[in-house]
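Chemist:
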Amino acid sequence: MSSSPFINSIRREIRLRGYSYTTEKSYLYWIRFFIRYNALKHPTEMGATEVRNFLSYLATERHVAVNTQKSALNALVF
Numbered sequence: 001m002s003s004s005p006f007i008n009s010i011r012r013e014i015r016l017r018g019y020s021y022t023t024e025k026s027y028l029y030w031i032r033f034f035i036r037y038n039a040l041k042h043p044t045e046m047g048a049t050e051v052r053n054f055l056s057y058l059a060t061e062r063h064v065a066v067n068t069q070k071s072a073l074n075a076l077v078f
């Protein structure tokens, strides 16, 4: 699967920092999910409002656990 330059840059940074492969997969999943949720807007064009709406969606519509929301937030902050 071919990734965007943005996703590739995230992957490189994760590997440079020595994060585990599981963390890499998780972070990339949440970042891609966030981008798709926001109609493919580039993350540099989004801010706190989009993050808040995404986390709210995860909690209210997807009924994910608090720790899952935290994982998603950590990925977005990264």
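Residue 1 is where the sequence shown starts when you use the UniProt record's numbering, and the numbers rise one by one after that.
The beta carbon of each residue, even a glycine, is placed where N, CA and C say it ideally should be.
(1) Under the assumption that R32 contacts E24 (Cβ atoms under 8 Å), give the Cβ distance between them as a whole number of angstroms.
(2) Give the straight-line distance between the Cα atoms of F54 and S4, rounded to the nearest whole angstrom.
(3) Please list, in chain order, all residues of the same chain as Y27 whose beta carbon is under 8 Å from its beta carbon, the five residues on each side excluded.
(4) Would you mind reading off the limits of the alpha helix (DSSP H) that contains K70?
(5) Considering only the alpha carbon of each residue, which of P43, N38 and R17 lies closest to F6?
Modeler: Per the coordinate set shown:
(1) To locate residue 32, count along the sequence shown from 1; it is residue 32. To locate residue 24, count along the sequence shown from 1; it is residue 24. Rounded, the Cβ-Cβ distance is 12 Å, inconsistent with contact.
(2) Position 54 of the sequence shown, counted from the first residue, corresponds to residue 54. Position 4 of the sequence shown, counted from the first residue, corresponds to residue 4. When rounded, the distance between both Cα atoms is 21 Å.
(3) On the sequence shown, residue 27 is found 27 positions in, with the first residue counted as 1. Closer than 8 Å at the Cβ level, and outside the excluded window around Y27, lie I10, I14, Y19, N74, A75 and F78.
(4) Residue mapping note: residue 70 aligns to position 70 of the sequence shown, counting from 1. Segment V66 to V77, the alpha helix (DSSP H) holding K70.
(5) Reading the sequence shown from its first residue, position 6 is the one you call residue 6. Nearest C-alpha to F6: P43.
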